[in-house]
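Numbering (this note's numbering), first residue to last: 473 to 864. Glycine included, every Cβ here is placed at the ideal spot set by N, Cα and C. Given the structure is predicted, the values throughout are model-derived calculations rather than measurements.
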Amino acid sequence: MGESTTLPVNDCARDPVLLLKDLISIPSVNPDGDPGIPAEHCGEEALGAFLAALLDQAGVEVSTEEVAPGRPNILGRFPSDRPGKPIILFAPHLDTVGVGDMTIDPFTPDQRNGRIYGRGASDTKGPMAAMLAALFSLEEKIAELPYEIHFVALAAEESGQLGSRHFARHHGADYAFGIVGEPTSMTVVHTHKGCAWCAIDVPGRAAHGSTPEQGDSAILRAMRLVHHLDSDFREKLRNAAPSDPLLGHSTLNIGMIRGGTRANIVPSGCRITVDIRSTPGLLASGEDGITFLQRSISKVDAEAIVSPLGGPTMPLCTDPDHPIGMQLASAGNGFAGAPWFCDASHLAAAGLPSVAIGPGSIEQAHTEDEWIALEDLIDGTRRFRHFLENLS
């Protein structure tokens, strides 16, 4: 594991480069799927403890909310000179994706060629470092802003979004605006597609492989469904709502097909796993990806069962004319849409207008040699500070 810097924590906190190196050096790998490191090094607890201490030493009121065992949200409430001010929330996530396929040491931050390398450098410890460095740099001036400022580091964004779902349920109504940390090249992502993963379980009837006519192959039935999904269903999904000017059409990806047990047994079951990305327009039309899929599949194979895999993520569609969003876009690089989804959708679904923004490029997220450009990190910090200093 990488070693933390030895400077006093508050000095590090005001320098986004030093702070990012500290954040990278603390593993916070999401344990779901294949993390690529031993289980004892997974989860957000260690990084959460570091941030809680950092915020506390800076005079920020800190609370910790465990959303799953060893997986906390860390909430910091910066001082305010008077009660009752509307509150802006800065909300990056704590976790990173796995590290098993990385070609660099994921937890030893490496500064070279104008970049910082390490897991999370882009997604999303770089945006977190820029946000915190900007907030800490204001020192006592932060209490005098026209808005009260809170910071939350959210758990489990990379799988399940447990942190933002929990925060939205318990705190969503408390805030005027949410700023989620993601590597957007400092554009304000105010809209993105929703996401639903579904399993389609296709039944069959087993028989000996030498007499396949006595069985009913679930794989052959699944092949007919795959053909339907890749032709009629894909076209109907595309045309279910007008093309979004930023996001295009709703889309389908057929990600996995698994069936059968042996070559000499007619398969009695087969599972197709799909990923549906839906535009805000699909939802506005009264449809959603899951029910749209269920209705279509039932017409082709009435015995096939469609099951959601986890809770769906709703599309994000925050009004770009929101005054705080406009001020943020002015300090950043304008507005944009995104094909991916993030914690902002769960906050927005709870009634908290939210967007995503941060330094770094999404093209570097999840890569084998993840990095962020130093100039982007420093520029992002400067832009966040400019936004805060010019709030009205």
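Range covered by the alpha helix (DSSP H) that runs through residue i
i, result
"valine 489", "488-496"
"leucine 800", "795-803"
"isoleucine 691", "690-700"
"alanine 640", "634-643"
"isoleucine 614", "Counting along the chain, isoleucine 614 falls outside any alpha helix (DSSP H), and DSSP gives it neither H nor E."
"leucine 709", "706-711"
Neighbourhood of residue i by C-beta, 6 Å cutoff - its chain only, sequence neighbours within 5 removed
i, result
"leucine 527", "Val534, Gly548"
"histidine 794", "Pro825"
"alanine 803", "Arg855, His858, Phe859"
"proline 684", "Val738"
"glutamine 583", "none"
"glycine 635", "Val539, Asn545, Leu626, Ala627, Ala628"
"proline 551", "Ala615"
"serine 768", "Phe705"
"valine 778", "Cys670, Ile672, Leu765, Gln766, Ile769"
"proline 792", "His662, Phe807"
"glycine 508", "Gly570, Val571, Gly572"
"alanine 801", "Val660, Phe807"
"leucine 519", "Ile498, Ser500, Leu566"
"proline 780", "Cys670, Ile762"
"cysteine 742", "Val674, Ala690, Ile691, Ala694, Gly731"
Residue burial classification, residue i (beta-carbon count within 10 angstroms, cutoff 16)
i, result
"lysine 665", "buried"
"methionine 728", "exposed"
"leucine 479", "At leucine 479 the pLDDT is 36, less than 50, meaning the model places this residue with poor confidence; the figure from the coordinates comes in the next sentence. By the 10 Å Cβ count, leucine 479 comes out exposed."
"aspartate 553", "exposed"
"asparagine 711", "exposed"
"glycine 758", "exposed"
"threonine 575", "exposed"
"aspartate 494", "buried"
"arginine 587", "buried"
"glutamine 686", "exposed"
"aspartate 815", "buried"
"aspartate 704", "exposed"
"glycine 797", "buried"
"alanine 640", "buried"
"methionine 830", "For clarity, residue 830 is glycine in the given sequence; the question names methionine instead. Its Cβ being crowded by 16 or more others within 10 Å, glycine 830 is buried."
"threonine 733", "exposed"
"serine 431", "In the structure as shown, the chain begins at 473 and stops at 864. Residue 431 is therefore absent and cannot be evaluated."
"glutamine 529", "exposed"
"alanine 810", "buried"
"leucine 701", "buried"
"arginine 677", "exposed"
"proline 541", "exposed"
"glutamate 835", "exposed"
"proline 510", "exposed"
"glycine 592", "buried"
Residue range of the unbroken beta strand (DSSP E) whose run includes residue i
i, result
"threonine 663", "660-664"
"isoleucine 834", "Counting along the chain, isoleucine 834 falls outside any beta strand (DSSP E), and DSSP gives it neither H nor E."
"proline 599", "Segment 597-609 is the alpha helix (DSSP H) holding proline 599; no beta strand (DSSP E) there."
"alanine 828", "826-829"
"glycine 650", "649-653"
"aspartate 582", "582-584"
"phenylalanine 562", "559-563"
"serine 817", "That residue, serine 817, is in no beta strand (DSSP E); its alpha helix (DSSP H) goes 816-821."
"glutamate 620", "620-625"
"glycine 809", "807-810"
"arginine 587", "587-589"
"isoleucine 850", "Element bounds for isoleucine 850: not the beta strand (DSSP E) but the alpha helix (DSSP H), 846-861."
"serine 779", "777-780"
Other residues of its chain near residue i: CB distance less than 7 Å, five sequence neighbours each side excluded
i, result
"threonine 477", "Its pLDDT being 38, under 50, threonine 477 is placed unreliably in this model, and the coordinates cannot settle the point."
"alanine 605", "Ala485, Arg486, Asp487, Pro488, Leu491, Thr853"
"glycine 644", "Leu819, Ala822, Gly823, Leu824"
"alanine 602", "Pro488, Gly830, Pro831, Leu849, Gly852, Thr853, Phe856"
"leucine 863", "Leu617, Pro618, Tyr619, Gln799"
"alanine 837", "Ser594, Asp595, Pro655"
"serine 609", "Arg486, Arg857"
Cβ neighbours of residue i in the same chain (closer than 8 Å, five flanking residues each side left out)
i, result
"histidine 642", "Glu537"
"threonine 785", "Gln633, Gly666, Cys667, Ala668, Phe813, Ser817, His818"
"asparagine 736", "His680, Gly681, Ser682"
Any non-hydrogen atom of the ligand HEM within 7 Å of residue i CB
i, result
"alanine 668", "Absence of the ligand HEM is noted for the structure shown, with no ligands found whatsoever."
Decide if the region 494-504 is in contact with the region 554-572; the criterion is three or more beta carbon pairs, one per stretch, under 8 Å apart.
yes
Can you list, in chain order, the stretches of the beta strand (DSSP E) that have 3 or more residues and sit fully within the region 713-762?
723-731, 741-750
For the region 493-549, list the beta strand (DSSP E) runs that are entirely contained and at least 3 residues long, ordered along the chain.
533-540, 543-549
The region 810-820 / the region 692-702 touching (three or more Cβ pairs under 8 Å)
no
Is the region 717-727 touching the region 736-754, taking contact as three or more C-beta pairs under 8 Å?
yes
At least 3 beta-carbon pairs within less than 8 Å: the region 646-665 vs the region 759-775
no
The region 841-851 / the region 596-607 touching (three or more Cβ pairs under 8 Å)
yes
Is it a yes or a no for the region 553-563 touching the region 650-657, going by three-plus beta-carbon pairs under 8 Å?
yes
For the pair the region 605-621 and the region 630-646, tell me if three or more CB-CB distances fall below 8 Å.
no
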